[in-house]
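Worksheet: the structure to be examined is printed underneath.
Laid out in structure tokens, this is it:
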């Protein structure tokens, strides 16, 4: 950026006399200070280059014939990209991150935090999408892992190492997710202050396929609830399931820039089913006639309880007694040009004495593009599932 200002910015300006050179030098100096919001001391470091560049003006309409000359006289401001990023973030017109709260808001946030720490996921309803500022390199619980997509056919037995597509963070590092810098998917998680006793694991989707984890519920520690979440959903399918004392989480989908014929409700469903079969040491079934209804039926037949959210396309999907489901693409009056639509799937597992509690939240939300306020369009909140520790 500064290279262009110093070298190319005046190459067409027609600078000849001393007066014009001085004027051009001052113009360059002020332009750099204004754009990068840097101090006079920082500008002093590049003054020789600015003066040299100002002396090399060409008549209007002529460009330098030698790229080598421009390279020789160029100067890169140290850490200029970091400076520009920080200034962008500090500009209120661009930055929508809000973390200041009133005393009344803090009291509400604390009550919701305490509720979540007791395993109540309802406090997250309509709150946007969370992400982690910092990741840990050891999981809070031993997890089996599988990844079945166009690049992987993997399975790892239970261990504490975060595998590709599985990320772990503690509560103090949780903030609101951002797809665009300075545009959070809601500000709730920028205002909330969780502590390190909250353990947060994110499960991403595969590359045209599924990433899944599984762990023993008896390994959950008291006063250290485990929160599983999918991140923002915009076409993917996310499922949580319980069988005996084993908890499963599967996320299937494809990258946003993938234009192949691979479909989440077809190949994705198949890879999700195969992911469980791989963990259960079962033969991988070869299913071609699968869809979202097939997935609901499979979860009903093979698990004690499950929760699944998917992006439907107008088809009718029947629910099952032990399966809660949410189609996060149903028509809604709340969806318009002023709102962005995003979904989320969360599970919270907590321990009280010898009892393990599991709650799930499937949430279809809109985010106001101007205010970044979040609202839930539709949601499914499970009843608490209790398992006595063996």
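Residue numbers (UniProt numbering): 1 to 390.
C-beta atoms are modelled at their ideal positions from N, C-alpha and C, and glycine is treated no differently.
Owing to the predicted nature of the structure, the values given are computational and were not obtained by experimental measurement.
Cutoff 6 Å; reference residue i; Cβ partners in own chain excluding five residues on either side
i: residue 201; result: 168, 228
i: residue 146; result: 155, 212, 275, 278, 279
i: residue 270; result: 287, 290
i: residue 178; result: 184
i: residue 383; result: none
i: residue 332; result: 377
i: residue 315; result: none
i: residue 364; result: 328, 343, 377, 378
i: residue 323; result: 296, 299, 300, 306
i: residue 101; result: 191
Integer-rounded CB distance, given that residue j should sit under 8 Å from residue i
i: residue 249; j: residue 212; result: 6 Å
i: residue 149; j: residue 210; result: 7 Å
i: residue 226; j: residue 356; result: Not really, about 10 Å apart at Cβ, beyond 8 Å.
i: residue 181; j: residue 128; result: No, residue 181 and residue 128 are not in contact; Cβ-Cβ is about 16 Å, not under 8 Å.
Residues near residue i by beta carbon distance below 8 Å, same chain, minus five either side
i: residue 17; result: With a pLDDT of 47 at residue 17, under the threshold of 50, the modelled position of this residue cannot be trusted; read the value that follows with caution. None.
i: residue 325; result: 296, 307, 308, 309, 310, 317, 319, 362, 380
i: residue 272; result: 210, 212, 237, 239, 250, 252, 295
i: residue 157; result: 144
i: residue 215; result: 141, 142, 143, 144, 158, 246, 247
i: residue 262; result: 150, 208, 254, 268
Spatially closest choice to residue i from the options, by CA coordinates
i: residue 253; options: 241, 268, 244; result: 268
i: residue 329; options: 351, 301, 345, 378; result: 378
i: residue 123; options: 357, 239, 348; result: 348
i: residue 187; options: 156, 206, 130; result: 130
i: residue 334; options: 350, 374, 384; result: 374
i: residue 289; options: 265, 300, 280; result: 265
i: residue 360; options: 367, 353, 386; result: 386
i: residue 195; options: 174, 183, 208, 178; result: 174
i: residue 351; options: 219, 206, 134; result: 219
i: residue 170; options: 179, 151, 133, 96; result: 133
i: residue 151; options: 369, 206, 262; result: 206
i: residue 358; options: 107, 136, 305, 111; result: 305
i: residue 153; options: 382, 284, 383, 300; result: 284
i: residue 371; options: 144, 116, 344, 96; result: 96
i: residue 321; options: 332, 314, 313, 300; result: 300
i: residue 204; options: 261, 235, 332; result: 235
i: residue 282; options: 198, 302, 135, 313; result: 302
i: residue 118; options: 345, 223, 110; result: 223
i: residue 109; options: 172, 193, 136, 262; result: 193
i: residue 346; options: 353, 208, 126, 293; result: 126
i: residue 354; options: 366, 221, 199; result: 221
i: residue 136; options: 344, 199, 327, 314; result: 199
Chain-order list of residues whose beta-carbon lies under 7 Å from that of residue i (same chain, five-residue window excluded)
i: residue 160; result: 138, 139, 142
i: residue 99; result: 190, 191
i: residue 368; result: 338, 339
i: residue 115; result: 123
i: residue 327; result: 310, 312, 317
Strand pairing of residue i, partner residues [DSSP]
i: residue 238; result: 251, 309
i: residue 343; result: 233, 364
i: residue 392; result: An answer regarding residue 392 cannot be provided, because it is not within the stretch 1 to 390 covered by the chain.
i: residue 154; result: 147
i: residue 374; result: 367
i: residue 391; result: Since the displayed the chain opens at 1 and closes at 390, residue 391 lies outside it and no answer follows.
(request) Specify whether the region 263-279 and the region 338-348 touch according to this definition: at least 3 beta carbon pairs, one from each stretch, less than 8 Å apart. (result) no
(message) With three or more beta-carbon pairs closer than 8 Å as the criterion, would you say the region 147-166 touches the region 239-247?
(response) Put simply, the region 147-166 does not touch the region 239-247. Fewer than three CB pairs are less than 8 Å apart.
(request) Tell me, please, whether the region 216-232 touches the region 254-264 by the rule of three or more beta-carbon pairs shorter than 8 Å. (result) no
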